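Heads up, the thing below is written out as structure tokens.
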Amino acid sequence: MTYVPAYVRPAQPGDAQRLAALMEPSRRAALEASMAGSAEDCLPLFHEVSRDCCLTIMDDEVGPVGMFGASPHPSAPALGLVWLVATDRLGARHHRIFLRQCARWIEHMLERYPVLFNLAPEHDELELRWLRWCGFEFISRYDAYGPTGGPHILFARARDEAARREHDLLFTEGPFAYSAA
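In terms of this note's numbering, the sequence shown is numbered consecutively and its last residue is 484.
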């Protein structure tokens, strides 16, 4: 396998559309099922709502192989919803360089938000490995969540112990009540 340089940089206009075009059918289907919309619609929205906390993982050969960021939670805008959308190529070819570079970006997000959290699909091993590497705490499992009712894992990371104490309920109960009604 030929080495292809990869790096993380702030997201730029067009990255979301280019990433959507490179996504494998299974990853595209998972994203679209969790968001109830197309990848072409979801990714630009992620970029828009994440403001200065949206990053692209670039592969010099093909372009964007992933994006990650943090956006304000709709009902608690002081808290950040952290997310990752990746291609299989990121996991297969660039996971080491991505992991080395993302630690500083997570710290950047924690400067903006005292707590980062969200739900990750239980089957997405790449995302779960990334979260473990970044020091996120796995809090609880939701057997059926989101439009498709699949299993998800609630995770969170606080800036410091004071932020964790201030948002203790998030770390014990979580904010994600979901009804399929």
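From the three backbone atoms N, C-alpha and C, an ideal C-beta is built for every residue, glycine too. The model shown is predicted, which means the values in this text are computed figures rather than measured ones.
For residue 328, does the count of other Cβ atoms within 10 angstroms reach 16, so buried, or fall short, so exposed? exposed
Inter-residue Cα distance where the pair is residue 458 and residue 406: 16 angstroms
Straight-line Cα distance separating residue 398 from residue 464: 29 angstroms
By how many angstroms is the C-alpha of residue 374 removed from the C-alpha of residue 319? 15 angstroms
For residue 321, the first and last residue of its enclosing alpha helix (DSSP H): 318–325
Between residue 308 and residue 355, is the Cβ-Cβ spacing less than 8 angstroms? no
Residues that DSSP places opposite residue 362 in a beta bridge: 309 and 366
Tell me the DSSP secondary structure of residue 443 in three-state form. strand
Going along the chain, which residues of its own chain have a beta-carbon closer than 6 angstroms to the beta-carbon of residue 350, five neighbours each way excluded? 314, 319 and 357
In or out: residue 435 buried (at least 16 other Cβ within 10 Å) or exposed? exposed
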